[in-house]
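So the sequence lines, in the order shown, correspond to chains A and B. Numbering-wise, my numbering comes out as the position in the first sequence, counting from 1, plus 40. Numbering-wise, my numbering comes out as the position in the second sequence, counting from 1, plus 40. Virtual Cβ for every residue (Gly too), placed ideally from N, Cα, C. What you are looking at is a predicted structure, and each value in this text was computed from that prediction instead of being measured.
Protein chains: 2
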Amino acid sequence: MTEKRDFDLQHFLPYLLNRAAEASSLDFQRYYKARYGMQRTEWRVVFHLGRYGDLTAKEICTRASIHKTKVSRAVAALEKRRFLTRQPFQDDRRHELLSLTKAGKAAFDDLVKEAQRFDETLMGAFNVTERDILRRCLRHIIDAGQGA
Amino acid sequence: MTEKRDFDLQHFLPYLLNRAAEASSLDFQRYYKARYGMQRTEWRVVFHLGRYGDLTAKEICTRASIHKTKVSRAVAALEKRRFLTRQPFQDDRRHELLSLTKAGKAAFDDLVKEAQRFDETLMGAFNVTERDILRRCLRHIIDAGQGA
DNA sequence: TGATATTGGTTGCATTTGTAACTATCAATT
DNA sequence: AATTGATAGTTACAAATGCAACCAATATCA
Chain A
41 MTEKRDFDLQ
51 HFLPYLLNRA
61 AEASSLDFQR
71 YYKARYGMQR
81 TEWRVVFHLG
91 RYGDLTAKEI
101 CTRASIHKTK
111 VSRAVAALEK
121 RRFLTRQPFQ
131 DDRRHELLSL
141 TKAGKAAFDD
151 LVKEAQRFDE
161 TLMGAFNVTE
171 RDILRRCLRH
181 IIDAGQGA
Chain B
41 MTEKRDFDLQ
51 HFLPYLLNRA
61 AEASSLDFQR
71 YYKARYGMQR
81 TEWRVVFHLG
91 RYGDLTAKEI
101 CTRASIHKTK
111 VSRAVAALEK
121 RRFLTRQPFQ
131 DDRRHELLSL
141 TKAGKAAFDD
151 LVKEAQRFDE
161 TLMGAFNVTE
171 RDILRRCLRH
181 IIDAGQGA
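1) Starting from B/Gln69 and walking both ways along the alpha helix (DSSP H), at which residues does that stretch end?
2) Which residues of chain A have a Cβ atom closer than 8 Å to the Cβ of B/Phe123, listed in chain order?
3) Please check if any C-beta of chain A sits within less than 8 Å of the C-beta of B/Gly185.
4) B/Asp159 versus chain A: which residues are under 7 Å apart at the beta carbon?
5) Counting contacts by CB-CB distance shorter than 8 Å, is A/Arg59 in contact with chain B?
6) For a contact meaning CB atoms closer than 9 Å, what does A/Ser139 contact in chain B?
7) Let me check understanding here. Comparing Cα to Cα, which of B/Val86, B/Ile173 and B/Val152 lies closest to B/Ala114?
8) If contacts are defined as beta-carbon pairs under 8 Å, then B/Ser139 and B/Leu124 qualify, I think. What distance do you get, rounded to the angstrom?
9) Determine, using beta carbons only, whether B/Glu170 comes closer than 8 Å to chain A.
10) Exposed or buried, what is A/Phe129 when buried is set at 16 or more other beta-carbons lying within 10 Å of its beta-carbon?
11) By how many angstroms is the C-alpha of B/Trp83 removed from the C-alpha of B/Asp48?
12) Which residues in chain B have a C-beta closer than 7 Å to the C-beta of A/His107? List them in chain order.
13) Under the DSSP definition of a beta bridge, which residues are partnered with B/Thr125?
14) Name, please, each residue of chain B whose Cβ falls closer than 9 Å to the Cβ of A/Ile173.
15) Are there 16 or more other CB atoms within 10 angstroms of the CB of A/Thr42, so buried, or fewer, so exposed?
16) Below 7 Å on C-beta distance, what does A/His180 contact in chain B?
17) Just to make sure I have the definition right: I need the residues of chain B whose C-beta is within less than 7 Å of the C-beta of A/Arg134. Which are they?
18) What distance in whole Å lies between the Cβ atoms of B/Leu174 and A/Leu174, which are believed to be in contact at a cut-off of 8 Å?
19) Excluding five sequence neighbours on each side, which residues of the same chain lie with their C-beta closer than 8 Å to the C-beta of A/Ala188?
20) Looking at the unbroken alpha helix (DSSP H) that takes in B/Ala117, where does it start and where does it end?
21) State yes or no: is the beta carbon of B/Gln156 nearer than 8 Å to at least one beta carbon in chain A?
22) For B/Val115, go through chain A and note every residue whose CB falls closer than 9 Å to its CB, in chain order.
23) Going by alpha carbons, who is nearest to B/Gly164 out of A/Asp150, A/Tyr71, A/Asp172 and A/Ala184?
24) Whose CA, out of A/Ala116, A/Thr81, A/Arg122 and A/Gly93, lies closest to the CA of A/Cys27?
25) Residues in the same chain with beta-carbon distance under 8 Å from B/Asp213, minus the five sequence neighbours each way, listed in chain order, please.
26) What residues from the region 77-93 of chain A come within 7 Å of chain B, judged by C-beta to C-beta, listed N to C?
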């Protein structure tokens, strides 16, 4: 057992993860904010629609583990700025299918390119084994937390 | 170069980091919130004081990369609940040295024990090599972001 | 059919946060 | 000493967030 005095915040995984998350997001965040006036949840919504096709708000909530109020507001904001449109189902009018507009798709394309660039810069510091382990560990942590 | 269609959010490092950070923090967060009514910044301040000895607010800001207003409010809250005290310098009264009270130290001791337990649970899923690489990669990402 | 529960989504309110402007103290320059 | 410029820390206001209550549409089942 590690002694209390030896317990360093620099070794505490949640702390490291939080700081790394902040650090790694900063530049990219600045980009989509400056360029499209988007916030993180909005970018995530755009990403899900661009990558996985038209979805309902609920599906985005589930896939991305984002609370429905956050998604609701993000969708409203994106709709107002004409990045997406809603289309209610005929058979169940509670659902609304969200689709990116042309502008939304263009933003998605651009942001994906930018994201890839960021990812390559970040990952560039690591070799293949490290990248692989890093991704696998993170994935595992995410999935472990999912149940709770 | 990866194609745009292949670019999966599940491989985008900032996204993985953010989700892993959230997932890994949740349980611990609940603990210090329920037990001491603390928020994350407050816990971090307590931790820094407990681990590294008395510091000024500024020093905590620098070490932990937290904005001074956040630290200021956390310190005020902790002082009110008597987890710490302030003591202005004689030679420069702009600085205030922060020290944990007995209650603050007790909370720190308890939280460190709890943090260790959480860390072991999280890390328990990985072998020594993986742990090492994980920590090193995270450290690197944090330090790389630091300059910007 | 009608009463109740569930589900997708929104809204209102209290709390948290970020930004910028502010106070107070000290340092440097004249 | 007086002016200017940093620096530590606080505060005020706007924006973002979380939570709970809410509405409308559907499902369930007496």
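With the given structure in hand:
1) Note, B/Gln69: alpha helix (DSSP H), Leu53 to Tyr76.
2) Near B/Phe123 there are no residues of chain A at all, since even the closest Cβ is about 17 Å away, more than 8 Å.
3) By this cut-off, B/Gly185 is an interface position.
4) Chain A residues near B/Asp159: Phe52 and Leu53.
5) At least one chain B Cβ lies under 8 Å of A/Arg59.
6) Per Cβ cutoff of 9 Å: no residues; A/Ser139 is ~17 Å from chain B at best.
7) Among B/Val86, B/Ile173 and B/Val152, the Cα nearest to that of B/Ala114 belongs to B/Val86.
8) Their Cβ separation, rounded to whole angstroms, is 6 Å, which keeps B/Ser139 and B/Leu124 in contact under 8 Å.
9) At least one CB of chain A lies nearer than 8 Å to the CB of B/Glu170.
10) Taking all protein chains in view, the Cβ of A/Phe129 is surrounded by fewer than 16 other Cβ atoms within 10 Å, so the residue is classified as exposed.
11) It is roughly 35 Å from the alpha-carbon of B/Asp48 to the alpha-carbon of B/Trp83.
12) Simply none; closest approach about 12 Å.
13) Looking at the DSSP assignment, B/Thr125 forms a beta bridge with B/Ser139.
14) Result: Phe166, Thr169, Glu170, Ile173, Leu174 and Cys177.
15) Per-residue confidence for A/Thr42 stands at a pLDDT of 49, beneath the threshold of 50, marking its modelled position as unreliable; the derived number appears in the next sentence. With fewer than 16 other Cβ atoms within 10 Å, it is exposed.
16) Per Cβ cutoff of 7 Å: Ala165.
17) At a C-beta separation below 7 Å, A/Arg134 has no neighbours in chain B, since its nearest C-beta there lies roughly 26 Å away.
18) Rounded, the Cβ-Cβ distance is 6 Å, consistent with contact.
19) The predicted model places A/Ala188 with a pLDDT of 45, which falls under 50 and marks its position as unreliable; any figure quoted below should be read in that light. Excluding positions up to five away in sequence, the list is empty.
20) Lys108 to Lys120 is the extent of the alpha helix (DSSP H) around B/Ala117.
21) Yes, contact with chain A.
22) Close to B/Val115, with beta-carbon spacing below 9 Å, lies no residue of chain A; the smallest spacing is near 18 Å.
23) The shortest C-alpha separation from B/Gly164 is found at A/Ala184.
24) No statement about residue 27 of chain A is possible, as the shown extent of chain A runs from 41 to 188 and does not include it.
25) An answer regarding residue 213 of chain B cannot be provided, because it is not within the stretch 41 to 188 covered by chain B.
26) The residues in question are Phe87 and Arg91.
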